[in-house]
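Protein chains: 2
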Amino acid sequence: MKMNKKIRIAQFGLGPIGIACLSLLSRKNRFEVVGGIDIREALVGHSLNDVVGSSSFGSAQIYESFEALAHETPVDAVLHTVGSRANTSLEQMKPMIEAGCAIVSSCEELLFPALRAPEETALADTHCHKTGGRILGTGVNPGFVLDVLPICLTGICADVRAVYGERVVDASTRRQPLQKKVGSGLPPEAFIELEKKGLAGHAGFHESLMLIAHALGWTVGPISDSIEAVVASEQIETDHFTIEVGQTAGLHQIVHASSPEGHEIHLDLKMYQGAKDPHDYLRLDSEPPIEATVHGGIAGDLATVAALVNALPRLMQADPGVRLMTELSLPKCVV
Amino acid sequence: MKMNKKIRIAQFGLGPIGIACLSLLSRKNRFEVVGGIDIREALVGHSLNDVVGSSSFGSAQIYESFEALAHETPVDAVLHTVGSRANTSLEQMKPMIEAGCAIVSSCEELLFPALRAPEETALADTHCHKTGGRILGTGVNPGFVLDVLPICLTGICADVRAVYGERVVDASTRRQPLQKKVGSGLPPEAFIELEKKGLAGHAGFHESLMLIAHALGWTVGPISDSIEAVVASEQIETDHFTIEVGQTAGLHQIVHASSPEGHEIHLDLKMYQGAKDPHDYLRLDSEPPIEATVHGGIAGDLATVAALVNALPRLMQADPGVRLMTELSLPKCVV
């Protein structure tokens, strides 16, 4: 399938990731940005050029809703960069599905939406089949380092017994919202309490595990999840936070599950301010065994943004429905 | 697309890789092996069980041709593990295409067949569209380590300027035909002469480079190719060869190409008896930059065999035609 026409794309959510998506889209030939969507009244009606600080977007404006934008101009695709919860995101996407759009989302739970929102996912999938709509959740983590990449490596394995992944991220290199999400500056007990309520921590970790299990055809039992605050042993200053000794510098989280047949998935994430030796490490207990390191780790919000933009043309070539990264063609950088 | 019925599969070529394919197929639930094909008269008419040393294959036999096998039983798919040349392989595949089969091949040039056999590839593609046939060339190298894996890593890049890959293989761990192909025991001049005639060396290296260029949308200029014999500095004994000092222990080959826009691909392969520190190393000059090592390298003929078997269900879900690895869904190990 060749697509010579530019993809007419809308940006839903103009936070730091949404703005970065727009910057990247403006550098790619495949896309024509037709507008932005944000609920903040202060932004609505402004031109994208003003908000992004660019001259690439012509007369494209910011609208208060997808419907308002779609009323003005046809939309082929949406980049959705608002929120982490599958059910909220799927609700927001209803008018986009109705319009037959392809929607790539940074919503972490959408990496494997059947885990937390099975009914909403089934409804959205049925809706997509009627309209030609498509939905995909992706990113770097979840969406690549601890799920897609190890799954890809199993492609040259005759058999796989276990998948181990370890990711160490220096949160001080990341955007403010991520630094906040890992608890920066909170008393450790306050961070753990927020995390238990789903108001802090790393979203999408269970989804990474489930995508691996699903890809490999493993029926895993309950996911064990251990999380603790990493506490600052010296004062840490970042662009966004000052963290005193004894306060939370970030998190260390491990998820693990196994199947009755003895399959195991074990994912270990350390994401804190000032983490030493950031890296991604993968080990497959497999035939042949595989052990790989991404030196320095794949970090940086630019990678997240690129993962979203790069997935879009591949999503548009997939069958309509709520899709998984394992159902799209091989990841690649789009021109 | 669910496929509950087993895939009825034939094994074309009963060399070491073909036999290993049969062993792996017999361990997987997705496949039913309906027969083997080999031109060697001594094998024709024998049962697969006898030749593989197994009891998994029931009454499945060895036939002298695909037509003879297909006359007896329906065939959905073929694993083709004979030869390195695209035009020869595509000729062999004509009756399989005619039968609408999905064919996964270890033929190195089929990784990117348009490079060496553009007309034959276009004809086969047209033929496939008529019959529902599908063709894919894959493996570990070419097919994964120096092409599919770096392409996959570009999926989280905003931009890529260059792709560097380095692979070091200890040939002594590999099958006899591979040890022979790298020139083991030959005088260095004799190896280079054979290589220039296409009778020795690593097939598919240019194809790896071209698959990367194609995936990233780069129009690269002529491929520069430097090859030299790695000469034994001490006597080397393997299961298959004794290599004296001064004779060829293997090869060191580099392929390189660039585009007018400044894109570069540089692939470096060392494959010789007794190579120290075998590994695969990938580096992307990209945003963000990426550097990864597969410790010990993905070597071993089992990985090659697994790559072929694992690709088959994904090929069957792709559109009919001559397909590339970049067009199939994400690699994964099949159950």
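Which chain is which? The protein sequence lines are A and B, in order. Take any residue in the first sequence, count from 1 to its spot, add 6: that is its number in my numbering. Take any residue in the second sequence, count from 1 to its spot, add 6: that is its number in my numbering. For every residue, glycine included, the Cβ atom is placed at its ideal position computed from N, Cα and C.
The beta carbon of V174/B sits closer than 6 Å to the beta carbons of K276, A281, P284 and H285 from its chain, once the five residues preceding and following it are set aside; these are given in chain order. In this model, L116/B and E195/A are separated by some 58 Å (Cα to Cα).
Runs of alpha helix (DSSP H) with 4 or more residues, each lying fully within the region 163-195 of chain A, are found at 182-187, listed in chain order. Residue state for S214/A is assigned as helix, using DSSP reduced to three classes.
G204/B is classed as exposed because its beta carbon has fewer than 16 other beta carbons within 10 Å across all chains shown. Here the region 252-260 of chain B lies against the region 183-193 of chain B, with 3 or more beta-carbon pairs under 8 Å apart. Along the region 284-337 of chain A, the alpha helix (DSSP H) occurs as fully enclosed runs of 4 or more residues at 307-323, listed in sequence order.
Closest in alpha carbon position to L159/A, among A92/B, P319/B, A309/B and D176/B, is A309/B. Boundaries of the alpha helix (DSSP H) harbouring D56/A: L54 to V58, taken from the DSSP string. Taking C-beta separations shorter than 6 Å and ignoring five residues to either side along the sequence, the partners of L85/B in its chain run Q17, C27, V110 and L314, following chain order. Under the three-state reduction of DSSP output, A235/A falls in the strand class. Around G19/A, the same chain offers T87 and V88 as residues with beta carbons nearer than 6 Å, after the five sequence neighbours per side are excluded. Using a Cβ-Cβ distance cut-off of 8 Å, the region 133-147 of chain A and the region 94-109 of chain A are in contact, since at least three pairs of beta carbons, one from each stretch, lie closer than that value.
In the displayed model, G227/A falls within coil according to three-state DSSP, outside both helix and strand. Under the Cβ distance rule, C158/B counts among the residues neighbouring chain A, one pair being separated by less than 8 Å. Taking V340/B as the centre and dropping the five residues before and after it, the same chain places the C-beta of K34, R36, V315, N316, L318 and P319 closer than 8 Å to its C-beta, in chain order. Neighbours of V341/B across chain A, judged by C-beta separation under 9 Å: L222, G223 and W224. Secondary structure at V88/A: coil, using DSSP grouped into helix, strand and coil. The alpha carbon of L129/A has as its nearest neighbour, out of K100/A, L152/A and E172/A, the alpha carbon of K100/A. By the Cβ criterion, the region 164-181 of chain A is not in contact with the region 320-331 of chain B, since fewer than three pairs of Cβ atoms, one from each stretch, lie closer than 8 Å. Judged by DSSP in its simplified three-state form, T254/B adopts strand. Excluding the 5 residues flanking it on each side, S62/B has same chain C-beta neighbours closer than 6 Å at S32, in chain order.
Residue-level contact check: N93/B does not touch chain A, since none of the beta carbons of chain A fall below 8 Å from its beta carbon. Listed along chain A are G161 and I162, each with a C-beta nearer than 8 Å to that of F150/B. In the three-state reduction of the DSSP assignment, E115/A falls in the helix class. Interface residue (Cβ-Cβ distance to chain B less than 8 Å): V175/A is not classified as such.
Taking the Cβ atoms as the reference, M102/B lies roughly 24 Å from F150/B, outside the contact range of under 8 Å. In the DSSP assignment, V39/A falls within the beta strand (DSSP E) that extends over F37 to I43.
Annotation for L215/B: I229, V261, A263, I271 and L273 place their beta carbon closer than 7 Å to its own, counting only its chain and skipping 5 residues before and after. L336/B is positioned such that its CB atom lies no closer than 8 Å to that of I218/A. Under the three-state reduction of DSSP, H77/A is assigned to helix. Between I271/B and chain A, the shortest Cβ-Cβ separation is not below 8 Å. Taking CB atoms only, H301/A has a neighbour in chain B less than 8 Å away. For A309/B, the chain A residues whose C-beta falls within less than 7 Å of its own C-beta are I162 and P294, listed in chain order. Here the C-alpha atom of T79/B lies approximately 52 Å from the C-alpha atom of P295/B.
Rounded to whole angstroms, the gap between the alpha carbons of S265/A and H77/A is 49 Å.
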